[in-house]
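End of the first sequence sits at 120 in our numbering; the numbers just go up one at a time, nothing left out.
Since the structure comes first, as structure tokens, the remarks are kept for the end.
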Amino acid sequence: MMKKTSMIRDNYLFRRLYRKGKVQVTPCMAIYYHRGGKTNRLGITTTKKIGTAVARNRARRVILESYRLLEDDIPSGWDFVIVARSRAANEKMQVVKAELEGALKHLPGRRLSTTGSKK
RNA sequence: CGAGCAAGCAAGGAAACGGCCGAAGGUUUGAUACCUUUGGAGGAAAGUCCGGGCUCCACAGGGCAGGAUAGCUGCUAACGGCAGCCGAGGGCGACCUCAGGGCUAGUGCAACAGAAAAGAACCGCUCUUUUUCAAGAGCAAGGGUGAAAAGGCGAGGUAAGAGCUCACCAGAGUGCAGGCGACUGCACUGCUGUGUAAACCCUAUCCGGAGCAACACCAACAGGAGGCAAUGCGGUGGCCCGCCGGGCCUCCGACAGGUGGCUUGACGUCCCGCGGCGACGCAGGACGCAGAUAGAUCGUUUCCAAAUACAGAACCCGGCUUAUAUGCUUGGUCGCAUU
RNA sequence: GCGGGUAUGGUUUAGUGGUAGAACAUCAGCUUCCCAAGCUGAGAGUGUGGGUUCGAUUCCCAUUACCCGCU
Numbered sequence: 002m003m004k005k006t007s008m009i010r011d012n013y014l015f016r017r018l019y020r021k022g023k024v025q026v027t028p029c030m031a032i033y034y035h036r037g038g039k040t041n042r043l044g045i046t047t048t049k050k051i052g053t054a055v056a057r058n059r060a061r062r063v064i065l066e067s068y069r070l071l072e073d074d075i076p077s078g079w080d081f082v083i084v085a086r087s088r089a090a091n092e093k094m095q096v097v098k099a100e101l102e103g104a105l106k107h108l109p110g111r112r113l114s115t116t117g118s119k120k
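Written out as structure tokens, the structure reads:
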């Protein structure tokens, strides 16, 4: 069933992902991902560049909801940090969800094959 | 009907499915997880410009320095806020705006132009002497400069002039009357060197410092090197005193987790009564009550013509300022038309 | 959340009420066969909106943007 999304809260985890993780960039966000524990963990960063507190809250909510709807289809064992870009606050939730889905489609293939070549 | 003025309100709603945070209750567990019920952002939550509560430092003490305010009377816990009134300015008017004390306490500044920017005389005017040039005396009306020129304007007066005299006007002083007061009215006195205090300053009143990352508690921790020192160091803040504490500073290293504070309070909304022009005060009743800690109110679909602006509590409250789509309400004013 | 600061030509900066100055850069001319360097000259600026004042970069208020410190 729907289980609770576990969140990344500690700063050192964010720093590790920024340093060691791989990046996938879409118009609305930048996704950092790295191998983690048994369950998937998610962190969301909304910087002041996005806008006011209302815009930051909306970007965070939209990304969290997109992730929540896709969570069952994502292979486990990854940590994610999603950095919202300035368009995320204005887009509808379906757009963000489609972008996230498209970006994470690479994950299983990347996990099976050992090729680390970036596109 | 048009234009304009003032005051005020709302700040989407409904349904279905799914999701987030808190509280209470229940089941369960080694941690916890699940279920039910219930509550869950704003008029500015914003900017942090003022004021207060609260906490710690001596329950806050003395002095200096510094800062804030600036018509009067009140309201308030307090205020730089608000109300009423006074004065000045603007508008035909409804009404609006004003840091609105003191340059006859002192000091300073007033570029350029101009004779002169504060106890003024360049061009001038008049009289006397003199053939003339010029010299002496008197005057401040006229000229031009400037943002500002020695009260304004007219008449009398004079050698020429001048508040020298007079009427009106502006200001100042004195007296009387009214008002709690700011101030207003009347009379008298020729009393009249400008502006600037958002220049220094003076006067009056007020202000101790820091801020919930305050502060308190629990858990954990490891110390080493160098330097200074009882006329010293810290609490304590710009300085001195006073009080309290007890060695202090620099570098390297280690730790850097949790709980409380945390929301019931000068509380808000509605109804009603009394006092007050009003701000507001007093009294009664009913209802309501976010408390997170990477930080919660949303996502999708449908309907309502459309629902979209500015924007998200972070210790709390009273103001101010700034941003704001759309839709309304009420009361004055002016103009036109009709009766 | 709390506290503090800055804004001046394209860039780095002076300027304590009276015409806003300098350096580098840009442009034009001279010099050179050409370029560079050098010399001469020109253009270009007070974040925004109000207020005080005769007059504001300067003083006061508001606002915008940016920067810094405190876990």
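Where a beta carbon is used, it is the ideal one built from N, C-alpha and C, also for glycine.
Owing to the predicted nature of the structure, the values given are computational and were not obtained by experimental measurement.
Among the options, the one whose alpha carbon lies nearest that of residue i
{"i": "residue 88", "options": "73, 104, 71 and 63", "result": "63"}
{"i": "residue 50", "options": "40, 35, 34 and 30", "result": "30"}
{"i": "residue 73", "options": "40, 22 and 36", "result": "40"}
{"i": "residue 69", "options": "33, 101, 34 and 32", "result": "101"}
Residue i versus residue j - alpha carbon distance
{"i": "residue 28", "j": "residue 60", "result": "13 Å"}
{"i": "residue 75", "j": "residue 53", "result": "31 Å"}
{"i": "residue 48", "j": "residue 36", "result": "25 Å"}
{"i": "residue 96", "j": "residue 33", "result": "19 Å"}
{"i": "residue 55", "j": "residue 22", "result": "29 Å"}
Contact check, residue i vs residue j, beta carbons under 8 Å
{"i": "residue 8", "j": "residue 42", "result": "yes"}
{"i": "residue 98", "j": "residue 67", "result": "yes"}
{"i": "residue 90", "j": "residue 46", "result": "no"}
{"i": "residue 44", "j": "residue 14", "result": "yes"}
Outcome for residue i when other beta-carbon atoms lying within 10 angstroms are tallied against a minimum of 16
{"i": "residue 25", "result": "buried"}
{"i": "residue 103", "result": "exposed"}
{"i": "residue 71", "result": "exposed"}
Proximity test, residue i beta-carbon vs the ligand GDP heavy atom, cut-off 7 Å
{"i": "residue 48", "result": "This structure does not include the ligand GDP; it has no bound ligands of any sort."}
| At least three beta-carbon pairs within less than 8 Å, the segment 70-86 to the segment 13-20 | yes
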